[in-house]
Amino acid sequence: MKICIILGTRPEIIKMSPVIRACERQNLDYFILHTGQHYSYVMDRVFFEQLELPEATYNLDVGSGKHGEQTGKILSGVEPVLQKERPDVVLVEGDTNTVLAGALAATKLHIKVGHVEAGLRSYDRKMPEEINRVLTDHCSDYLFAPTETAREILLGEGIQDTKIFDTGNTVVDAVFQNLELAKDRNNALNDLHLEPRNYFLVTAHRQENVDVKERFEGIIKGLELVANEFGLPVVYPIHPRARKMMNHFGLKSNGIEFIEPLDYLSFLQLESKAKLVLTDSGGVQEEACILKIPCVTLRNNTERPETLEVGSNILAGTTPEKILECTRLIIDRNNEWKNPFGDGNAGKRIVEIVEEVQG
Ligand code: UD1
Ligand code: UDP
159 MKICIILGTR PEIIKMSPVI RACERQNLDY FILHTGQHYS YVMDRVFFEQ LELPEATYNL
219 DVGSGKHGEQ TGKILSGVEP VLQKERPDVV LVEGDTNTVL AGALAATKLH IKVGHVEAGL
279 RSYDRKMPEE INRVLTDHCS DYLFAPTETA REILLGEGIQ DTKIFDTGNT VVDAVFQNLE
339 LAKDRNNALN DLHLEPRNYF LVTAHRQENV DVKERFEGII KGLELVANEF GLPVVYPIHP
399 RARKMMNHFG LKSNGIEFIE PLDYLSFLQL ESKAKLVLTD SGGVQEEACI LKIPCVTLRN
459 NTERPETLEV GSNILAGTTP EKILECTRLI IDRNNEWKNP FGDGNAGKRI VEIVEEVQG
């Protein structure tokens, strides 16, 4: 039985790492196909090095581009690799263009597709990720649902019960596996002259936020209001898309510390010691919940409703006053909520399921 793991962006590398480690431990016949959707050192290689992941056997180097162009390049790049290697199953994770194109290329060749983190829905079809999630789920053979809510969504869309597996989310594995290491490397806070619980950590990169001047400006003004009211530093490791759009729109801010995107251990450390996190990232909403740090989500919806239900997260949108108001509401919240994303064994479970069903 041969497995092909397709990945291409920062969150896929992080969330696939527990699956890769499980394949290694089980000594399975598998290989990694990197699409090259992310390629800057700080968005790609740093994670392979730090998480000690094996090199990808193939890298398509597709790079950036418009949706059709990028998705098309991945589709036509993946196909010949799958034809040559003939894996029994292809695994994809999440909701990027890499995921949709990888799944589509495989299913057209009648290769089984396993979707890690299946069944998430924001119900906002303007998000490119929502289209990618829905289409990937509906062409997958094995749907690894991270939560009960995700399973119910899939059943509600008519997907057969027998295709859905409750596994938990591999992000819990990634956090647990790396948090201990992160604790030993106490330099991220020192390097930035930050004190535990005395700063805000921000990430924002969603297309519908940073590519729209009014929304991005709203986020920046909101962060400045938060910095002023609480008198604490606001640290924003800025995603290359957001950096590019800030320059394009000529946006500036003196109240925010913009830094380069961080390696995973440094970022985990900053997340785990922050007073509060403000983000539009999917993975960061989950990690804040797991790490018991309150989160203000800079969006009007979320495909992670479990975080709202347990009380770790609040939806603020992108208007400055609402960002400040939501920060006030959640900043001192009792953080004894339960982690809804599983026990940290999702990667192992997924690999065991693949072995069993393909065996
Ligand atoms: C992609 C995913 C998004 C995910 C995010 C994770 C899609 C549709 N979007 O968004 O779901 O949350 O990755 O971070 O798949 N760039 C670089 N270096 C890189 C990568 C990108 O400079 O290594 C810059 C380029 O200017 C590029 C822009 O970032 O045009 C956007 O990159 P792209 O991969 O298209 O989308 P992301 O915003 O990264
Ligand atoms: N992350 C990181 N360094 C950073 C910002 C984020 O390692 O500077 C990690 C974060 O811990 C999480 C993942 O990147 O695991 C989230 O990726 P991103 O926000 O790019 O994508 P999304 O989850 O929104 O798809």
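Counted the way this note's numbering counts, the sequence shown spans residues 159 to 517. Note that the Cβ used here is the ideal one computed from N, Cα and C, for glycine as well. Please read all numbers here as calculations on a predicted model, not as lab measurements.
For residue i, three-class secondary structure by DSSP
i	result
residue 126	In this structure the chain extends from 159 to 517, so residue 126 is not present and cannot be described.
residue 167	coil
residue 499	coil
residue 289	helix
residue 186	coil
residue 480	helix
residue 160	strand
residue 265	helix
residue 451	coil
residue 510	helix
residue 322	strand
residue 471	strand
residue 396	coil
residue 485	helix
residue 317	coil
residue 191	strand
residue 254	coil
residue 294	helix
Cβ shell of residue i (< 7 Å), same chain only, five flanking positions each side left out
i	result
residue 480	474
residue 309	277, 303, 322, 324
residue 221	194, 197
residue 312	276, 277, 295, 301, 303, 322
residue 491	452, 469
8 Å Cβ cutoff met for residue i and residue j
i	j	result
residue 375	residue 409	yes
residue 188	residue 161	yes
residue 468	residue 453	no
residue 300	residue 326	no
residue 358	residue 258	no
residue 178	residue 211	yes
residue 175	residue 332	yes
residue 542	residue 462	Since the first and last residues shown for the chain are 159 and 517, residue 542 lies out of range.
residue 360	residue 420	no
residue 501	residue 330	yes
residue 385	residue 392	yes
Start-to-end residues for the alpha helix (DSSP H) that takes in residue i
i	result
residue 142	With the chain covering only 159 through 517, there is no way to say anything about residue 142.
residue 422	422–431
residue 339	328–342
residue 466	463–468
residue 367	365–368
residue 311	306–314
N-terminal and C-terminal residue of the beta strand (DSSP E) that residue i is part of
i	result
residue 300	300–303
residue 273	270–274
residue 349	Per DSSP, residue 349 belongs to no beta strand (DSSP E); it is in the alpha helix (DSSP H), 345–349.
residue 238	Run containing residue 238: none in the beta strand (DSSP E); it sits in the alpha helix (DSSP H), 225–243.
residue 220	Counting along the chain, residue 220 falls outside any beta strand (DSSP E), and DSSP gives it neither H nor E.
residue 437	434–437
residue 417	415–417
residue 460	Careful: residue 460 lies outside any beta strand (DSSP E) and carries neither H nor E.
Contacting residues, own chain, Cβ-Cβ under 8 Å from residue i (five flanking each side not counted)
i	result
residue 229	255, 258, 259
residue 317	295, 296, 301
residue 495	447, 450, 468, 469, 470
Neighbourhood of residue i by C-beta distance below 6 Å, restricted to the same chain and skipping five residues each side
i	result
residue 396	416
residue 265	271, 297
residue 346	424, 427, 428
residue 377	362, 456, 476
residue 394	360, 414, 416
C-beta neighbour in chain B for residue i, strict 8 Å
i	result
residue 510	Reference to chain B is not applicable here, since this structure consists of a single protein chain.
Cβ contact (3+ pairs, closer than 8 Å) linking the stretch 240–254 and the stretch 411–429 = No, because fewer than three Cβ pairs between the stretch 240–254 and the stretch 411–429 fall closer than 8 Å, the two stretches do not touch.
Can you find at least 3 beta carbon pairs, one from the stretch 201–219 and one from the stretch 375–388, that sit closer than 8 Å?
-> no
Would you call the stretch 411–427 and the stretch 341–350 in contact, with 3 or more CB pairs under 8 Å?
-> Between the stretch 411–427 and the stretch 341–350 there are three or more C-beta pairs closer than 8 Å, enough to call the two in contact.
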